[in-house]
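Under our numbering, the residues of the sequence shown are numbered 236 to 696, in order. First up is the structure itself, then whatever we jot down about it.
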Amino acid sequence: MKISIYGAGYVGLISGICFAELGHEVCCVDINKEKILQLEKGKLPIYEENLEALLQKNLDLGRIYFTDNFQQAVSHAVVQIIAVGTPSKENGSADLQYVEAVAKRIGELMTDYRCIVNKSTVPVGTTKLVQLIISKKLNERNNNIQFDVVSNPEFLREGCAVKDCLMPDRIIIGAQSQKAILLMKELYLPLTQKKYSLIMMDPASAELTKYAANAFLAMKISFINEISQIAERTGANIHQIKRGIGSDSRINEKFLNAGCGFGGSCLPKDVLALKNISLEHGYKPHILNAVLRINNQQQQLLFQKISSYFNQKLSGKTIALWGLAFKPNTDDIRSASSRALIEKLLQANVIAQAYDPMAMNNIAYEYRAQKNLILCETAEHALKNADALAVITEWDEFKNPDFNKIKNSLKSPVIFDGRNIYDPQLVQKCGLEYFSIGCVHANQLYNPISKNAIIKNEDDC
């Protein structure tokens, strides 16, 4: 089956390459000519496990090609997939300018029936908006070409997005015409033949399903993070609590890892967008407000612990940072907890010596004017002459370090573990002080955050 995909960003690239892997003939269009040239050479602008090998394989097989020519893309296939970005506006709502621009071009260039599939994360009602835009363009051309618009949200997790594409938990299709439904079934036939679930619904429900799914995952993370705050103040252990509640089949342990907050391109943006959708329709979303408030609070937690440990005397200190990406197996630093910590440290006149296996280029670009942020070639280099170590991302290479080397490298033998990846007893046995999230360990003679601290009630966040 021939398909065209608009947008060679994260969602568009991964979807296009995986559709090619499933045997489809894919035309991927983007306005960035330099990106197109690099992709034609098999060079990716993003990191995702196994993606580069799949790209090269399908380039060699002739199942995917890249272009900046919209006419070519519109002519290539009946199925036209919109996979452009929908970044947040200042008020948190989704910016649909790129979706609208693609819809206009399709309406201007189509000469016969097209099925437009919206894979971008968009507010409820965007299917109707795209229909109106295309209808308007066709009317301007005095043309009554038939077309359909379908909602087909993606559920990709950065770091394992290829697996999520090729082995999805479910495929959500929001369509109303029988012709569009049959086309979507043909598109996903290679997966449904393997018994992967395809769920049909109306477009509005499909659009809201995407936001609801991400909001629920964010809620689980913020829930366990709030419990971790209570555990830390009462002497309970968040690891044992996670096991205790996660063993309930109705809950399970997924997304119940306490830590220094969630980030990335999806959860923060989508929760905020869903909040705005709710407000626009006259409902104040209490749970969504709490999810955002708790996450903002959690992203400040490592700095609070570090500052308290050094009695608020941080100026001139050096802190080693392990992990900059918002999660392992990606180079994405959007809304990452590392950025919240870096910005606080820089404001306090701290030198931050940072290392990440994949995200160094992105951090270097974002903080190119900051002299107090030193990017290091190795994790060991980041430790040199540092006053403390903060672990922010749970990369595998950080999970089994030589604690004696860490102790000997640091001026103050202390680790602040924002992802709870170390065994406290093992760390302390090596002579290091250890502070994690949701636990008070034997060597902590004080609470790094006062039990009497007042958390501002930001109901309107």
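Note that beta-carbon positions come from the ideal geometry of N, C-alpha and C, so glycine has one too.
CB of residue i within 8 Å of CB of residue j, strictly
i, j, result
"LEU559", "ALA594", "yes"
"CYS665", "LYS642", "yes"
"ALA415", "CYS350", "yes"
"SER386", "ILE316", "no"
"LEU290", "ILE238", "no"
"PRO403", "LEU257", "no"
"VAL314", "VAL365", "no"
"LYS579", "PHE538", "yes"
"ASN564", "GLY409", "no"
"VAL264", "PHE305", "yes"
"LYS619", "SER647", "no"
"ILE656", "GLU629", "yes"
Buried/exposed call for residue i, threshold 16 Cβ in 10 Å
i, result
"HIS311", "buried"
"CYS362", "First, the residue type needs correcting, since residue 362 is Thr and not Cys in the sequence shown. Buried: at least 16 other Cβ atoms inside 10 Å."
"GLY297", "exposed"
"ILE689", "Any answer about ILE689 is weak, because its pLDDT of 34 lies below 50 and its placement is not dependable; what the coordinates show is given next. ILE689 is exposed by the Cβ-count criterion."
"GLY342", "buried"
"ARG485", "exposed"
"SER685", "Because SER685 sits at a pLDDT of 40, beneath the cut-off of 50, its placement in the model cannot be relied upon, and the following sentence gives the value as read from the coordinates. When all chains shown are included, SER685 counts as exposed."
"GLN588", "buried"
"SER542", "buried"
"PHE451", "exposed"
"ALA466", "buried"
"ARG702", "There is simply no residue 702 to check, as the chain begins at 236 and stops at 696 in what is shown."
"ALA255", "buried"
"HIS354", "This sequence places Lys at residue 354; His is not what is there. So LYS354 ends up on the buried side."
"TYR681", "Low confidence applies to TYR681: its pLDDT is 39, below 50, so where it sits in the model is not reliable, and the reading given next is rough at best. Exposed, because fewer than 16 other Cβ atoms sit within 10 Å of the Cβ of TYR681."
"ILE299", "buried"
"THR356", "buried"
"THR613", "exposed"
Rounded C-alpha distance that separates residue i from residue j
i, j, result
"PRO322", "SER513", "18 Å"
"ILE271", "CYS262", "11 Å"
"ILE406", "PRO388", "8 Å"
"LYS477", "ARG468", "16 Å"
"SER482", "GLU632", "28 Å"
"GLU287", "GLU269", "18 Å"
"PHE777", "ASN472", "Nothing in the structure corresponds to residue 777, since the chain is present only between 236 and 696."
"ASN524", "SER328", "14 Å"
"CYS674", "ILE456", "17 Å"
"GLU442", "ARG376", "30 Å"
"ARG654", "ASN531", "16 Å"
"ILE480", "MET454", "15 Å"
"ILE240", "THR346", "18 Å"
"ASN607", "LEU581", "7 Å"
"PRO659", "TYR669", "7 Å"
"ILE380", "LYS372", "11 Å"
Nearest to residue i (by Cα), restricted to the options the options
i, options, result
"PRO636", "VAL662, ASN620, GLY481", "VAL662"
"GLY496", "GLN533, GLU601, SER671", "GLN533"
"PHE651", "ALA329, ILE529, SER671", "SER671"
"HIS259", "GLY498, LEU294, LYS398", "LEU294"
"TYR245", "HIS516, TYR669, MET236, LEU279", "LEU279"
"GLY360", "GLY479, HIS516, LEU417, GLU461", "HIS516"
"ILE369", "LEU344, VAL649, ALA575", "LEU344"
"LEU536", "ASP591, ASN377, ASN460", "ASN460"
"LEU576", "GLY479, LYS540, TYR544, LEU618", "LYS540"
"LEU391", "ILE380, GLN307, GLU284", "GLU284"
"LEU549", "TYR282, LYS429, ILE586", "ILE586"
"SER463", "LEU417, LEU248, ASN492", "ASN492"
- So does the region 618-631 actually touch the region 550-564, counting three or more Cβ pairs closer than 8 Å? yes
- Query: Three or more C-beta pairs closer than 8 Å, one from the region 567-579 and one from the region 499-513: is that the case here?
  - Reply: yes
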